[in-house]
Amino acid sequence: MTNTFVPLHAVAPIVDPSAATGAFSLLWLILALPAFGAVVLLIGGRRTDRFGHLLGTGTVAVSFVLSVVVFVALIGRDAGDRQVQQHLWTWFTAGKYHVELNLLYDQLSALFLLLITGVGGIIHLYSVGYMAHDPRRRRFFAYLNLFVASMLLLVLASDYVALFLGWEGVGLASYLLIGFWQHKHSAAFAAKKAFVVNRVGDIGLSLGIALIFATFGSSSFSVVSAHAHNASAGTLTAIGLLLLLGACGKSAQFPLQSWLLDAMEGPTPVSALIHAATMVTAGVYLITRSNFIFSITADARTGVILVGTITLLMGAIIGCAKDDIKKVLAGSTMSQIGYMILASGLGVAGYAFAIFHLLTHGFFKANMFLGAGSVMHGTEDDVDMRHYGALRKAMPVTFLTFAMGYLAIIGFPGFSGFWSKDKIIETALDQNWIVGLCALLGAGVTGFYMTRLMLMTFFGEKRWEPDVHPHESPKVMTIPLIVLAALSVLGGALLINDWIVTWLAPVVGTESHVGTSLSPWVLSLLAVVVVASGVLAAWYFVGRREVPRVAPLKVSVLTRIARAELYGDAANEELVVKPGYQLVRGLTAFDRGVVDGAAMGSTASFGGLSARGRLVQNGYVRSYALSLLAGAALVLVALMVVNL
32 MTNTFVPLHA VAPIVDPSAA TGAFSLLWLI LALPAFGAVV LLIGGRRTDR
82 FGHLLGTGTV AVSFVLSVVV FVALIGRDAG DRQVQQHLWT WFTAGKYHVE
132 LNLLYDQLSA LFLLLITGVG GIIHLYSVGY MAHDPRRRRF FAYLNLFVAS
182 MLLLVLASDY VALFLGWEGV GLASYLLIGF WQHKHSAAFA AKKAFVVNRV
232 GDIGLSLGIA LIFATFGSSS FSVVSAHAHN ASAGTLTAIG LLLLLGACGK
282 SAQFPLQSWL LDAMEGPTPV SALIHAATMV TAGVYLITRS NFIFSITADA
332 RTGVILVGTI TLLMGAIIGC AKDDIKKVLA GSTMSQIGYM ILASGLGVAG
382 YAFAIFHLLT HGFFKANMFL GAGSVMHGTE DDVDMRHYGA LRKAMPVTFL
432 TFAMGYLAII GFPGFSGFWS KDKIIETALD QNWIVGLCAL LGAGVTGFYM
482 TRLMLMTFFG EKRWEPDVHP HESPKVMTIP LIVLAALSVL GGALLINDWI
532 VTWLAPVVGT ESHVGTSLSP WVLSLLAVVV VASGVLAAWY FVGRREVPRV
582 APLKVSVLTR IARAELYGDA ANEELVVKPG YQLVRGLTAF DRGVVDGAAM
632 GSTASFGGLS ARGRLVQNGY VRSYALSLLA GAALVLVALM VVNL
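Residues in the sequence shown are numbered consecutively from 32, following our numbering.
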């Protein structure tokens with residue numbers, strides 16, 4: 032077992048795409064269709080109310096079909112000829128700096144296209160039923176389409192500047208969707224909080240792009256990847272850390288994680304889209320796409336590993352104490368994205384497994400979020416798990432499909448999460464045993480809080496009010512659940528014969544792996560034992576006891592800390608908000624007292640002098656004659672002094 036974050040014999044490939052021809056000339060259409068849907072629904076207004084949901088869903092569905100077509104075309108090419116670029120137009124020119132709006136399609140973006148349009152399309156279909164009675168449903172689908180289009184631009188961009196355009200589009204769409212029910216103060220506040228926190232991360236990304244341009248004279252992936260080895264280690268580390276800050280904001284990683292739980296104020300399909308197929312995956316994509324930078328700088332990768340490890344534990348701990356079913360899943364997302372960030376920080380050894388877990392997580396997290404929406408649909412929009420109990424009988428399809436997601440996320444043998452998460456733990460143990468043990472501990476905590484969710488929601492005694500009548504959701508909502516449940520089970524097939532590792536190798540590089548001192552089977556067995564311990568602990572503390580309808584106040588210190596989300600908001604308030612407020616107050620006082628004072632003082636002085644001078648202009652001839660006499664005397668005296 033090695034104890035270093037530096038992979039041996041790591042090779043980061045250069046981005047060198049060929050021109051798009053044939054089926055690849057349709058790439059622009061995959062992006063344009065959901066963008067077109069958003070424009071039509073927003074400009075068309077109420078005239079599109081009757082078919083808005085169909086147009087929104089249809090455009091994403093066609094984009095998925097096209098994504099499958101170009102994916103098949105990509106498979107038909109040789110492994111070394113799978114980077115394709117489609118030129119759209121020159122975006123802008125400033126001196127020697129040109130930004131071309133090109134689309135880059137390779138093995139990495141191909142997987143993201145299938146995830147975004149596939150899972151995104153399923154979420155659109157589910158939303159047809161979930162938002163059926165919402166008077167602003169047409170606007171909701173317009174925002175969903177805008178979200179999907181922005182994410183597609185983000186993963187198809189061949190340039191950091193174009194990526195930033197999609198990055199900001201995702202931020203705008205998330206703001207609109209989180210605050211969709213803007214009549215609720217909590218929703219408006221959550222949207223504003225997500226927007227502000229993400230701007231902090233965006234500052235890091237924009238500075239990183241500026242430093243990339245200053246260093247390489249270009250922001251194109253192909254140019255940067257070709258010349259990355261020529262840059263100094265300090266510059267690459269600075270770029271890597273700035274990109275990491277951007278990833279922390281978009282992917283809700285420590286210390287910019289505070290917006291994610293509040294974002295649950297948006298409609299549940301929004302939560303599924305943000306957590307499974309779009310926004311929070313952007314940070315993982317950014318680091319993996321920038322592998323030609325991170326593979327060289329070990330210091331920046333160490334920062335990535337620390338952020339991922341801290342966040343995976345934080346999210347898991349927060350998930351243990353929440354009673355809101357959506358917030359438990361949100362804490363879970365924070366934790367699982369932490370695993371992906373951790374894996375991407377492991378360099379060439381971990382990039383493929385980060386993307387593998389991102390894909391399987393997209394399946395089972397979308398499944399569980401939509402399942403939570405189905406539970407809320409049948410319980411009068413109640414989100415408190417203490418008000419559920421025994422829902423497995425009233426909602427059998429929701430229960431069974433949700434159970435598939437549950438087994439996948441805890442890493443039950445054979446399910447998709449078992450394969451993807453175990454590979455991250457195995458690689459982490461191989462690189463650094465402390466990080467590996469933290470990842471293993473996170474798996475055990477995941478087993479605890481997800482089992483607690485299952486027990487409180489679907490098992491035990493009924494705890495709902497007499498006027499609540501839980502019932503199964505309509506087929507337009509349950510069919511997407513069934514599809515996602517199947518993917519949650521079968522997603523692990525991507526690892527057969529190391530397919531996903533081989534597939535991504537031309538993009539993220541290959542490594543001469545030295546192996547681990549422990550057999551993968553022993554590590555898998557160890558992970559299963561740890562997860563089983565978490566499951567048994569949940570049964571001991573929750574399953575065999577009566578669940579009170581109101582959360583008890585007399586709880587342990589650890590529970591209070593977890594309920595307070597590890598005091599993340601309090602820390603931000605004390606460390607950022609209050610000092611920032613005091614700084615602004617000081618600057619305001621300086622501006623008023625010094626800057627404005629100096630300007631106003633000068634004005635008053637000149638005004639006073641002018642008033643004195645005005646007294647000389649009194650219109651009396653005798654005064655002017657006296658002035659002339661005094662002046663003449665003064666000149667005479669001066670001449671006499673000079674002559675002396």
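The C-beta atom is built at its ideal place from N, Cα and C for all residues, glycine as well.
Here the structure is a predicted model, which is why all the values come from computation and not from measurement.
Can you have a look at residue i and say buried or exposed, based on whether 16 or more other CB atoms are within 10 angstroms of its CB?
| i | result |
| --- | --- |
| residue 461 | buried |
| residue 373 | buried |
| residue 34 | The pLDDT assigned to residue 34 is 43, lower than 50, so where the model puts this residue is not dependable; a value taken from the coordinates is nonetheless given after this. Burial call: exposed. |
| residue 550 | exposed |
| residue 114 | buried |
| residue 137 | buried |
| residue 306 | buried |
| residue 630 | exposed |
| residue 542 | buried |
| residue 648 | exposed |
| residue 412 | exposed |
| residue 506 | exposed |
| residue 609 | exposed |
| residue 123 | exposed |
| residue 51 | buried |
| residue 589 | exposed |
| residue 596 | buried |
| residue 335 | buried |
Residue i to residue j, Cα distance in whole Å?
| i | j | result |
| --- | --- | --- |
| residue 296 | residue 151 | 19 Å |
| residue 40 | residue 512 | For residue 40, the predicted model reports a pLDDT of 46, less than 50, meaning its position is unreliable; a value from the coordinates is still stated below. Distance between the alpha carbons of residue 40 and residue 512 is about 43 Å. |
| residue 187 | residue 501 | 43 Å |
| residue 533 | residue 527 | 11 Å |
| residue 224 | residue 280 | 12 Å |
| residue 89 | residue 581 | 44 Å |
| residue 599 | residue 409 | 33 Å |
| residue 654 | residue 671 | 26 Å |
| residue 147 | residue 341 | 27 Å |
| residue 494 | residue 419 | 5 Å |
| residue 667 | residue 634 | 36 Å |
| residue 211 | residue 463 | 44 Å |
| residue 414 | residue 190 | 42 Å |
| residue 130 | residue 427 | 53 Å |
| residue 375 | residue 360 | 22 Å |
| residue 317 | residue 523 | 24 Å |
| residue 128 | residue 196 | 17 Å |
| residue 331 | residue 503 | 49 Å |
| residue 536 | residue 586 | 49 Å |
| residue 626 | residue 217 | 40 Å |
| residue 229 | residue 215 | 21 Å |
Ends of the alpha helix (DSSP H) at residue i?
| i | result |
| --- | --- |
| residue 536 | 530-539 |
| residue 619 | 609-621 |
| residue 572 | Careful: residue 572 lies outside any alpha helix (DSSP H) and carries neither H nor E. |
| residue 216 | 216-247 |
| residue 365 | 356-376 |
| residue 594 | 588-594 |
| residue 495 | Element bounds for residue 495: n/a, residue is neither H nor E. |
| residue 441 | 427-441 |
| residue 45 | Looking at the DSSP string, residue 45 is not in any alpha helix (DSSP H), and its letter there is neither H nor E. |
| residue 266 | 264-281 |
Might you give, ordered along the chain, the residues of its own chain that have their beta carbon closer than 6 Å to the beta carbon of residue i, omitting 5 neighbours on each side?
| i | result |
| --- | --- |
| residue 141 | 102 and 105 |
| residue 436 | 395, 398, 399 and 519 |
| residue 328 | 267, 268 and 271 |
| residue 371 | 315, 385, 388 and 389 |
| residue 303 | 154, 397, 400 and 401 |
| residue 169 | 72, 79, 80 and 83 |
| residue 118 | 133 |
Ends of the beta strand (DSSP E) at residue i?
| i | result |
| --- | --- |
| residue 135 | 128-136 |
Excluding the five sequence neighbours on either side, which residues of its own chain have a C-beta within less than 7 Å of the C-beta of residue i, listed in chain order?
| i | result |
| --- | --- |
| residue 258 | 247 |
| residue 525 | 387, 390 and 531 |
| residue 539 | 319, 322, 379, 382 and 383 |
| residue 452 | 370, 388, 442 and 474 |
Go through its chain and collect everything with a Cβ distance to residue i's Cβ below 8 Å, but skip five positions before and after it.
| i | result |
| --- | --- |
| residue 273 | 235, 236, 238, 239 and 242 |
Could you give the uninterrupted runs of the alpha helix (DSSP H) lying entirely in the region 297-322, keeping only those of 4 residues or more? 299-303 and 313-320
Hey, which unbroken runs of the alpha helix (DSSP H) at 4 residues or more fall wholly within the region 85-122? none
Taking only runs of the alpha helix (DSSP H) that begin and end inside the region 321-348, which ones reach a length of at least 4 residues, in chain order? 322-325
For the region 136-206, list the alpha helix (DSSP H) runs that are entirely contained and at least 4 residues long, ordered along the chain. 138-161 and 168-187
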